[in-house]
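Read through the structure below, which is laid out as structure tokens, and then see the notes.
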Amino acid sequence: METRAVYGVGQAEIRPECLRALADGWAVPSGAEIRAALKMAGTNGVDFARRIGVDDRTVRRWMLEEKPMPFASWQVLATRAGLSPEW
């Protein structure tokens, strides 16, 4: 099996579990991981919210860990950030 690196952006790291397929034990990204992925994607929460059709408050809640980020939304962000997801 391939070993995946932990992606680092400044102080934040994105765990390999966050890049797994949903059926393979995907882990919900933390707020710090979401912020890191947004930075890697060259976007911000408001613009990303518009892109995926959600309210920017929803993205803010994900970043504050008040609400878990759905897999499909994370998939869009991770792909846009150039991460190597397993799905």
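Using the UniProt record's numbering, the letters of the sequence shown map in sequence onto residues 1 to 87.
Note that the Cβ used here is the ideal one computed from N, Cα and C, for glycine as well.
Quantities reported herein were computed from a predicted structural model and do not represent experimental measurements.
query: Integer-rounded CB distance, given that E86 should sit under 8 Å from R20; result: 5 Å
query: First through last residue of the alpha helix (DSSP H) which encompasses A78; result: 71 to 80
query: For R60 and G42, believed in contact at Cβ under 8 Å, the rounded distance; result: So it is not a contact: roughly 19 Å between Cβ atoms.
query: Exposed unless 16 or more other CB atoms sit within 10 angstroms - verdict on P68; result: exposed
query: Classification of M63 by the beta-carbon crowding that lies within 10 angstroms, buried from 16 upward; result: buried
query: Minimum C-alpha distance to G82 - residue among E66, F71, G25, A36; result: A36
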